[in-house]
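A.B. asks: Per the working numbering, the sequence shown runs over residues -16 to 393. Idealized CB from N, CA, C, for every residue including glycine.
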Amino acid sequence: MPRIALNGLGRIGKLVLRDLIDTGAGVDLVLLNDPEGDAEQHALLMEFDSVHGRWKTPVRAADGALVLNGTQVRLTHERTLEALPLAELGVDIVIDATGVFKTGAKIEPYFAAGVKKVVVSAPVKDGGALNIVYGVNHDLYDGSQRLLTAASCTTNCLAPVVKVIHEGLGIRHGSITTIHDMTNTQTIVDRPAKDMRRARSALLNLIPTTTGSAPSSADSRLGVLPPITYGRVELEAEVLKNAVPKIEGYGIRLLDVRFKRIDYDPSVSQSIHQRMISEREQIAKLHRAEGEGEAAKINGERERDLATIESEAYRKVQELEGTADAKATEIYAKAYNQTPEAAQLFDFLKTMETYKQLITSDTTMIFTTESELFRYLKSSDPQATKPAVGVATPEFTPLHKLPTLLEVGR
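#1: Which stretch, first to last residue, makes up the alpha helix (DSSP H) that contains L3?
#2: Check whether the Cβ atoms of V56 and I78 sit closer than 8 Å, and answer yes or no.
#3: In chain order, what residues of the same chain lie with their CB nearer than 7 Å to the CB of G118, ignoring the 5 residues before and after it?
#4: So for P(-15), helix, strand or coil by DSSP?
#5: Under 8 Å, with one C-beta from each stretch per pair, do the region 126 to 134 and the region 83 to 102 reach the 3-pair mark?
#6: Let's see if you can read the secondary structure: which residues bound the beta strand (DSSP E) around I115?
#7: Determine the direct distance from the alpha carbon of T81 to that of E19, and round the result to whole angstroms.
#8: Taking only the alpha-carbon atoms, compute the straight-line gap between L187 and D75 and give it to the nearest angstrom.
#9: Here's a check: name, in chain order, each residue in its chain whose Cβ is nearer than 7 Å to the Cβ of G97, leaving out the five neighbours to either side.
#10: Quick check on this structure: which residue in L152, H163 and S158 has the alpha carbon closest to the alpha carbon of S135?
#11: Compare the beta carbon distance of S104 and I(-5) with 8 Å and say whether it is the shorter of the two.
#12: Of the residues D109, I154 and N120, which one's Cα is nearest the Cα of T138?
#13: Quick test of your reading: M438 and D11, contact by CB under 8 Å. State the CB separation rounded to the nearest angstrom.
#14: Would you mind working out which of V13, T54 and G47 sits nearest T40, comparing C-alpha positions?
#15: What three-state label does DSSP hand I171 in the structure shown?
#16: Within 10 angstroms of the Cβ of M165, are there 16 or more other Cβ atoms? Answer buried if so, exposed if not.
#17: Do R180 and I190 have their C-beta atoms closer together than 8 Å?
#18: Buried or exposed: T93, going by 16 or more other Cβ atoms within 10 Å of its Cβ?
#19: With which residues is G36 paired in a DSSP beta bridge?
#20: Starting from the C-beta of V42, find all residues in its chain whose C-beta is less than 8 Å away, skip the five residues before and the five after it, and write them out in chain order.
#21: Going by the CB atoms, is the gap between D17 and G36 shorter than 8 Å?
#22: Check whether the Cβ atoms of A185 and A176 sit closer than 8 Å, and answer yes or no.
#23: Is I23 near A44, with beta carbons less than 8 Å apart?
#24: Which of the three DSSP states is assigned to V144 in this structure?
#25: Give the single residue among G110, V83 and A112 whose Cα lies nearest to the Cα of T168.
#26: Output the distance between the C-alpha atoms of L67 and L14, rounded to the nearest integer angstrom.
#27: Short check: CB of R(-14) to CB of G47, under 8 Å?
#28: Just verifying my parser: in three-state terms, what is the DSSP assignment at L58?
#29: Cα-Cα, which of L3, V116 and E65 is closest to V145?
#30: In terms of DSSP beta bridges, what is N16 paired with?
#31: For K(-3) and S33, I'd like the C-alpha separation in whole angstroms.
#32: Thinking just about the alpha-carbon of each residue, which of L64, I4 and H60 is nearest to the one in W38?
#33: Give every residue of the same chain whose Cβ lies closer than 6 Å to the Cβ of E65, excluding the five residues on either side of it in the sequence, and list them in chain order.
#34: Cα separation between N114 and R174?
#35: Whose CA, out of K100, P106 and L141, lies closest to the CA of G126?
#36: Give the secondary structure of A45 by DSSP, where H, G and I count as helix, E and B as strand, and everything else as coil.
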């Protein structure tokens, strides 16, 4: 079982460590190194990750080491490769996730300590590193290479896309834009820097920069992928080789620590695929026509439903308006009928009060049957004074038979 050392417990290193422990990769992890922090801090950061959440695998600190899923692993805090106890522990493979040692010369101390193979998480500029894009050219590794790099994140996004487009349509020229999360190489507040774009706060700015995938950068260019001499990967390598001088790369850093996206907008040579494109256009037109027909059907049903709803609503409104109008008319008519009656009664009461004040025991008054009082008495509803059945009706002299003038005295 190979003995593994992991150098660097940053963003990439912690995720690699999780995978090594959780997948049971059949390796013996004997050394962890990070110049920053102590065992307690790393244990806490391993268990509770701000981006990837809580790690369910048990992790704790003990005697300056990390106990991972019950196995104690030595933890050191060295800044130079020469100070690492690689020979002492008999390390076979080093995974370098520091992002610092990216040239053959800087990586050489690993081999001087007896390490057989080094896998670097970042692009390596020289030293004969085998640049692997898994899924594109990983079959190239045959066990003889001792320095390998997993290329850059942008290259891993771009290479499969370039392969498919170049194989299917051909690439005339192209431009790539990589949208990258912020990293700890950026500043969280504005401060002076050689590149003033990188002088800006990563929390508040989209930072334009270059990317390691483009030919303009020495880091992990697509052309670094060595030629492959058999099968599908041969074609893929040829695609990447041909694409190198035709693609420019730009990078943008933004605040999203899990996001990675590649936009690749090439102009392609399509002459050998006109028939295929024509067929696809016909299929697209068919789908478009079906979609438009379905949309028209949906719109028709929607309009019908709306008309039904509006008609029903209008009918309800008319009913409510009719009911309200009828009720209002009833109230108005009742008020119209009742108010004059009440007013007349009040006027009569006032008249009676006036008579009471004017008429005394010494007053002599003369009434005419045409006076307001007698007219009121004559116009009273005869039904109001109609006697009940079986009750004797008293004899009254009709008012019109009374003398025209009546003398009232004591």
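C.D. replies: According to the data block:
#1: Reading the sequence shown from its first residue, position 20 is the one you call residue 3. It spans R(-6) to D5 - the alpha helix (DSSP H) in which L3 sits, taken as one unbroken run.
#2: Here residue 56 refers to the residue found at position 73 when the sequence shown is read from its first residue. Here residue 78 refers to the residue found at position 95 when the sequence shown is read from its first residue. Contact flag unset, no.
#3: As a position in the sequence shown, residue 118 is number 135, starting the count at 1. Excluding its 5 nearest sequence neighbours in each direction, G118 has C-beta neighbours in its own chain below 7 Å: P143, listed in chain order.
#4: On the sequence shown, position 2 is the one that residue -15 refers to. The DSSP-derived three-state label of P(-15) is coil.
#5: yes
#6: Counting from one through the sequence shown, the residue named residue 115 turns up at place 132. Neither: I115 is in no beta strand (DSSP E) and is coded neither H nor E.
#7: Reading the sequence shown from its first residue, position 36 is the one you call residue 19. Reading the sequence shown from its first residue, position 98 is the one you call residue 81. If you take the alpha carbons of E19 and T81, they lie about 11 Å apart.
#8: In the sequence shown, counting from the first residue as 1, residue 187 sits at position 204. In the sequence shown, counting from the first residue as 1, residue 75 sits at position 92. Their backbone Cα atoms lie some 44 Å apart in a straight line.
#9: Taking the first residue of the sequence shown as 1, we reach residue 97 at position 114. So the list reads L69 and A70, once near-sequence residues are dropped.
#10: Start at 1 with the first residue of the sequence shown, and residue 135 comes out as number 152. The option with the nearest alpha carbon to S135 is H163.
#11: Against the sequence shown, residue 104 aligns to sequence position 121. Against the sequence shown, residue -5 aligns to sequence position 12. Between S104 and I(-5), the CB-CB gap stays under 8 Å.
#12: Counting from one through the sequence shown, the residue named residue 138 turns up at place 155. Checked all of D109, I154 and N120; the closest Cα to T138 is N120.
#13: Since the first residue shown for the chain is -16 and the last is 393, residue 438 is missing from the structure and cannot be characterised.
#14: Taking the sequence shown and counting its residues from 1, the one referred to as residue 40 is at position 57. The candidate whose alpha carbon is nearest that of T40 is T54.
#15: Looking up residue 171 in the sequence shown gives position 188. Three-state DSSP puts I171 in coil, outside helix and strand.
#16: By 1-based counting over the sequence shown, the position of residue 165 is 182. Buried: at least 16 other Cβ atoms inside 10 Å.
#17: As a first step, residue 180 must be located in the sequence shown, where it is residue number 197. As a first step, residue 190 must be located in the sequence shown, where it is residue number 207. Contact flag set, yes.
#18: For the purposes of this step, residue 93 is identified with residue 110 of the sequence shown, where counting begins at 1. Here residue 93 turns out to be Tyr, not Thr, going by the sequence shown. Buried.
#19: Here residue 36 corresponds to residue number 53 of the sequence shown, with the count starting at 1. Answer by DSSP bridge pairing, in chain order: D32.
#20: Translated into the one-based positions of the sequence shown, residue 42 becomes position 59. Excluding sequence neighbours, V42 sits near A26, M29, E30, L49, V50, L51 and N52.
#21: Within the sequence shown, residue 36 is the residue found at index 53, counting from 1. Within the sequence shown, residue 17 is the residue found at index 34, counting from 1. Not closer than 8 Å, so no.
#22: As a first step, residue 185 is located in the sequence shown; it is residue number 202 there, counting from the start. As a first step, residue 176 is located in the sequence shown; it is residue number 193 there, counting from the start. Not a contact, by the Cβ cut-off of 8 Å.
#23: The sequence position of residue 23 within the sequence shown is 40, counting from 1. The sequence position of residue 44 within the sequence shown is 61, counting from 1. Note on residue identity: the sequence assigns Glu, not Ile, to residue 23. It is a contact, given that the beta carbons lie within the stated cut-off.
#24: Taking the sequence shown and counting its residues from 1, the one referred to as residue 144 is at position 161. Looking at V144 - three-state DSSP - the assignment turns out to be helix.
#25: Here residue 168 corresponds to residue number 185 of the sequence shown, with the count starting at 1. The shortest Cα separation from T168 among G110, V83 and A112 belongs to V83.
#26: Residue 67 sits at position 84 when you count from the first residue of the sequence shown. Residue 14 sits at position 31 when you count from the first residue of the sequence shown. C-alpha separation (whole angstroms): 9 Å.
#27: As a position in the sequence shown, residue -14 is number 3, starting the count at 1. As a position in the sequence shown, residue 47 is number 64, starting the count at 1. For R(-14) and G47, no; Cβs fall outside 8 Å.
#28: As a working mapping, residue 58 is identified with position 75 in the sequence shown. Strand, per DSSP.
#29: Along the sequence shown, one-based indexing puts residue 145 at 162. It is V116 whose Cα lies nearest to the Cα of V145.
#30: Here the question's residue 16 lines up with position 33 in the sequence shown. Partner(s): N(-10) and T59.
#31: Numbered from its first residue, the sequence shown carries residue -3 at position 14. Numbered from its first residue, the sequence shown carries residue 33 at position 50. One C-alpha to the other measures close to 12 Å.
#32: Locating residue 38 in the sequence shown gives position 55, where the first residue counts as 1. The shortest C-alpha separation from W38 is found at I4.
#33: What you label residue 65 is simply residue 82 of the sequence shown in a count that begins at 1. These residues qualify, in order along the chain: P92.
#34: Position 131 of the sequence shown, counted from the first residue, corresponds to residue 114. Position 191 of the sequence shown, counted from the first residue, corresponds to residue 174. In a straight line, the C-alpha of N114 is about 35 Å away from that of R174.
#35: Here residue 126 corresponds to residue number 143 of the sequence shown, with the count starting at 1. Minimum Cα distance to G126 is reached at K100.
#36: Residue mapping note: residue 45 aligns to position 62 of the sequence shown, counting from 1. Note: A45 maps to strand in three-state DSSP.
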